[in-house]
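2 protein chains.
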Amino acid sequence: MDLICIRRPDDFHLHLRRGSVMRAVLPFTEQAFARALIMPNTTPTEIRTAVDAAVYRGEMKEHCRRGFTPLMTIKLLDRTTPHEIIACKSAGVIAGKVYPQGVTTNSDNGPVDMHVLYPVFAEMERVGMVLCLHGEDPKAFCMDRESVFLAQLCEIARSFPKLKIVLEHVTTLQAVGVVKELPDTVAATITAHHLYLTLDDVIGAKLHPHNFCMPIAKRPEDRDALRRAVLSGNPKFFLGTDSAPHTRETKECAEGCAGVFTAPMVIPLLTSFFEEFEALEMFERFTSESGARFYGLPLNEEKIRLIRQPFHIPEVIEGIVPYLAGKTLNWRIE
Amino acid sequence: MDLICIRRPDDFHLHLRRGSVMRAVLPFTEQAFARALIMPNTTPTEIRTAVDAAVYRGEMKEHCRRGFTPLMTIKLLDRTTPHEIIACKSAGVIAGKVYPQGVTTNSDNGPVDMHVLYPVFAEMERVGMVLCLHGEDPKAFCMDRESVFLAQLCEIARSFPKLKIVLEHVTTLQAVGVVKELPDTVAATITAHHLYLTLDDVIGAKLHPHNFCMPIAKRPEDRDALRRAVLSGNPKFFLGTDSAPHTRETKECAEGCAGVFTAPMVIPLLTSFFEEFEALEMFERFTSESGARFYGLPLNEEKIRLIRQPFHIPEVIEGIVPYLAGKTLNWRIE
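Residue numbers (the numbering used here), protein chains in the order written: chain A, 1 to 334; chain B, 335 to 668.
Structural data, given as structure tokens:
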């Protein structure tokens with residue numbers, strides 16, 4: 001088979017930034033995706049309110065191709081009010097994202113205690129807005145941060161039984177297990193790079209800043225659990241690339257930023273992944289169906305075609321070293 | 335107490351390199367140490383034979399201060415012969431170092447199977463040369479490499495009951511436990527930085543290449559086991575700094591080198607360490623006595639004095655970002 005045709009994918013976790021970076025990286029996502037859930041932790045101004053989201057959407061709309069839809073989120077802070085949730089819902093914001101304080105890029109003002117946000121979660125449950133969790137406890141040892149957070153996930157799911165919750169970019173066997181066991185209101189995104197990386201690829205014999213991301217890639221058995229979750233076709237697990245554009249200078253330095261830039265090759269890479277594991281029948285479900293269904297969005301009608309042709313990934317794209325820089329994939333988007 | 339006087343320390347694990355780098359970094363070790371065990375994995379020419387060691391010693395002697403003694407090692411390879419061990423012993427080489435293939439900087443030609451070296455180990459046992467092991471199994475997951483290697487350590491110790499063995503730069507609770515349990519022919523070096531670092535300091539919210547070393551820093555409970563081993567005064571554990579001069583460019587890049595440069599501040603740092611943990615009575619034993627006794631060397635007669643004065647660590651020293659760059663310690667060498 002040298003041609004694969006699937007419903008155009010959605011990316012349920014994307015960092016676009018603003019201004020010139022946004023304009024530079026947006027085309028890569030537009031090429032492959034119909035919609036993307038745009039993360040709100042932008043700098044210098046982050047997306048905290050309905051007004052912020054409207055302004056940010058306007059910026060994107062000015063530059064993006066016809067037919068590409070940015071799905072808007074806000075960042076939930078201690079000061080976020082239930083009233084703001086109502087305003088956001090009216091403005092078409094579909095999710096609120098929590099970054100526990102200190103857990104990743106631009107998270108210094110995140111909540112320390114999740115309970116402070118419970119009135120906000122209650123309002124989100126009432127109006128039907130999705131809660132997206134960066135599910136790591138920053139007080140735990142780096143390899144344990146996600147598994148330690150799972151107790152908080154379970155408590156939130158129990159306290160708000162109708163609230164839709166996405167545990168973002170899961171990386172552990174434990175997280176996969178807990179998400180499976182929780183009710184259908186709880187799902188998880190999985191990135192393409194976490195289907196490949198282990199900690200060995202970050203701190204093996206050499207240090208590889210371009211494989212450094214949060215949550216950090218874990219053990220081989222964790223990666224294998226992610227693979228099984230994706231290959232099983234379980235609709236609770238769908239694609240959120242977490243593609244993050246950090247320039248080479250901010251990665252190759254004394255305090256390197258966390259994030260992997262996968263937008264330019266993520267769909268070709270996933271084609272190879274599903275082919276390698278002989279599960280191409282699950283490809284469309286993971287990239288284009290399960291996420292939309294969970295979010296209650298219509299499935300995309302448009303299709304994209306993947307053709308079996310060498311796809312060389314440049315060493316640098318717009319000042320950013322992409323994932324798998326210099327490597328060649330077997331598939332490309334037609 | 336504002337003045338501490340101890341027997342001049344020995345560093346039983348030091349990377350000096352050759353040429354201009356060696357000339358640049360040697361003074362920092364000479365300032366604090368009477369002797370240092372010089373690692374043989376130099377490039378482009380490594381130290382494999384008695385002749386190599388004699389030439390390398392000559393290079394150092396040309397530049398080092400009167401009274402500083404480099405203790406010579408060779409790198410043990412599959413091709414190393416028992417005959418070469420005899421030649422080395424005559425030439426004053428005191429230890430042979432094994433780097434399992436692929437385990438760290440300049441280890442591509444190391445042995446894959448330790449048994450190939452057993453005839454060499456037998457000769458070392460006979461002539462009285464110490465075996466230094468980089469004790470990691472490169473096939474294991476990075477966090478497990480040291481603990482997986484321990485079975486090989488036990489087998490070597492059992493097979494060569496009179497061979498003195500040093501497990502270099504131990505980093506895990508398991509390694510400390512195994513070294514304690516093995517006979518007195520088996521000891522371990524501990525670096526200063528592994529008494530402080532955990533993996534959180536390498537891949538916490540940011541990536542910190544200047545804290546990246548092999549073996550990688552492990553979990554808090556591992557670091558605490560190293561601390562207890564050192565603070566207990568157990569003579570099986572002594573200082574080997576593993577100070578390694580990598581330039582900023584080779585650390586802050588897409589494939590960063592492993593190694594931490596501690597020579598300029600390691601003794602002041604250890605003074606703070608023993609003071610902080612109220613075990614100053616163990617300071618001299620760890621830095622200046624246990625190692626010499628294990629190697630069968632006379633204790634140094636000369637003393638050094640540490641005085642309580644702010645010691646500011648530069649951001650860069652000779653093109654190298656040192657450990658704790660920009661920080662200030664409470665002690666300095668008089």
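Think of the CB as a built atom: it goes at the ideal place given N, C-alpha and C, for glycine as much as any other residue.
Residue i versus residue j: straight-line alpha-carbon distance, rounded
{"i": "glutamate 62 of chain A", "j": "valine 55 of chain A", "result": "11 Å"}
{"i": "leucine 336 of chain A", "j": "phenylalanine 149 of chain A", "result": "Nothing can be reported for residue 336 of chain A, as the shown portion of chain A is limited to 1 through 334."}
{"i": "alanine 244 of chain A", "j": "leucine 16 of chain A", "result": "7 Å"}
{"i": "arginine 79 of chain A", "j": "valine 116 of chain A", "result": "9 Å"}
{"i": "glutamate 318 of chain A", "j": "threonine 29 of chain A", "result": "14 Å"}
{"i": "glutamate 281 of chain A", "j": "isoleucine 6 of chain A", "result": "10 Å"}
{"i": "alanine 659 of chain B", "j": "isoleucine 47 of chain A", "result": "36 Å"}
{"i": "glutamate 612 of chain B", "j": "methionine 129 of chain A", "result": "55 Å"}
{"i": "leucine 26 of chain A", "j": "cysteine 64 of chain A", "result": "7 Å"}
{"i": "glutamate 255 of chain A", "j": "alanine 456 of chain B", "result": "47 Å"}
{"i": "glutamate 317 of chain B", "j": "leucine 337 of chain B", "result": "The question about residue 317 of chain B has no answer, for chain B in this structure spans 335 to 668."}
{"i": "glutamate 583 of chain B", "j": "leucine 195 of chain A", "result": "31 Å"}
{"i": "methionine 477 of chain B", "j": "valine 51 of chain A", "result": "46 Å"}
{"i": "alanine 292 of chain A", "j": "glycine 92 of chain A", "result": "15 Å"}
{"i": "glycine 511 of chain B", "j": "alanine 187 of chain A", "result": "42 Å"}
{"i": "glycine 436 of chain B", "j": "cysteine 466 of chain B", "result": "17 Å"}
{"i": "asparagine 234 of chain A", "j": "histidine 246 of chain A", "result": "32 Å"}
{"i": "histidine 210 of chain A", "j": "valine 21 of chain A", "result": "18 Å"}
{"i": "valine 112 of chain A", "j": "tyrosine 99 of chain A", "result": "9 Å"}
{"i": "valine 461 of chain B", "j": "glycine 430 of chain B", "result": "12 Å"}
{"i": "leucine 197 of chain A", "j": "arginine 561 of chain B", "result": "32 Å"}
{"i": "arginine 642 of chain B", "j": "arginine 357 of chain B", "result": "29 Å"}
{"i": "glycine 630 of chain B", "j": "aspartate 222 of chain A", "result": "47 Å"}
{"i": "glycine 469 of chain B", "j": "threonine 523 of chain B", "result": "11 Å"}
{"i": "threonine 439 of chain B", "j": "isoleucine 156 of chain A", "result": "47 Å"}
{"i": "threonine 519 of chain B", "j": "proline 404 of chain B", "result": "23 Å"}
{"i": "lysine 526 of chain B", "j": "cysteine 547 of chain B", "result": "Contrary to the premise, residue 526 of chain B reads as alanine rather than lysine in this sequence. Cα-Cα distance, rounded: 12 Å."}
{"i": "glycine 240 of chain A", "j": "isoleucine 647 of chain B", "result": "43 Å"}
{"i": "glutamate 334 of chain A", "j": "arginine 57 of chain A", "result": "28 Å"}
{"i": "lysine 89 of chain A", "j": "glutamate 59 of chain A", "result": "20 Å"}
{"i": "leucine 633 of chain B", "j": "aspartate 344 of chain B", "result": "9 Å"}
Per DSSP, the bridge partner or partners of residue i
{"i": "leucine 270 of chain A", "result": "None; leucine 270 of chain A has no bridge partner."}
{"i": "cysteine 5 of chain A", "result": "A/Arg305"}
{"i": "threonine 596 of chain B", "result": "Bridge partners of threonine 596 of chain B: none, in fact."}
{"i": "valine 98 of chain A", "result": "A/Leu133"}
{"i": "valine 166 of chain A", "result": "A/Cys132 and A/Ala187"}
{"i": "isoleucine 654 of chain B", "result": "B/Ile651"}
{"i": "glycine 256 of chain A", "result": "B/Leu541"}
{"i": "aspartate 344 of chain B", "result": "B/Arg369"}
Residue i (DSSP reduced to helix, strand or coil)
{"i": "threonine 189 of chain A", "result": "strand"}
{"i": "histidine 246 of chain A", "result": "coil"}
{"i": "threonine 575 of chain B", "result": "coil"}
{"i": "histidine 528 of chain B", "result": "helix"}
{"i": "aspartate 144 of chain A", "result": "helix"}
{"i": "isoleucine 647 of chain B", "result": "coil"}
{"i": "glycine 177 of chain A", "result": "helix"}
{"i": "glycine 625 of chain B", "result": "helix"}
{"i": "leucine 487 of chain B", "result": "helix"}
{"i": "leucine 663 of chain B", "result": "strand"}
{"i": "leucine 117 of chain A", "result": "helix"}
{"i": "phenylalanine 494 of chain B", "result": "coil"}
{"i": "lysine 139 of chain A", "result": "coil"}
{"i": "valine 461 of chain B", "result": "helix"}
Under 7 Å by beta carbon: chain B residues contacting residue i
{"i": "isoleucine 216 of chain A", "result": "Ile537"}
{"i": "threonine 172 of chain A", "result": "Under the 7 Å cutoff, chain B gives no residues; its nearest Cβ is about 14 Å from threonine 172 of chain A."}
{"i": "glycine 319 of chain A", "result": "Those do not exist, as glycine 319 of chain A stays about 14 Å from chain B at its closest Cβ, beyond 7 Å."}
{"i": "threonine 104 of chain A", "result": "Ala539"}
Under 9 Å by beta carbon: chain B residues contacting residue i
{"i": "arginine 219 of chain A", "result": "Phe475, Met477 and Asp478"}
{"i": "phenylalanine 274 of chain A", "result": "Simply none; closest approach about 26 Å."}
Residues that residue i contacts on chain A, provided the C-beta gap is smaller than 8 Å
{"i": "phenylalanine 546 of chain B", "result": "Ile203 and Leu207"}
{"i": "alanine 578 of chain B", "result": "Here the premise fails: no neighbours, minimum Cβ distance about 13 Å."}
Within chain B, partners of residue i - CB distance below 8 Å
{"i": "aspartate 200 of chain A", "result": "Phe475 and Cys476"}
{"i": "glutamate 255 of chain A", "result": "Lys540, Leu541 and His542"}
9 Å Cβ cut-off: residues of chain A touching residue i
{"i": "glutamate 586 of chain B", "result": "Pro209, Glu252, Cys253, Ala254 and Gly256"}
*Those runs of the alpha helix (DSSP H) which lie wholly inside the region 531-559 of chain B and span at least 4 residues*: 534-537
*Ignoring anything shorter than 4 residues or poking outside the region 346-417 of chain B, list the alpha helix (DSSP H) runs there in chain order.*
353-366 and 384-397
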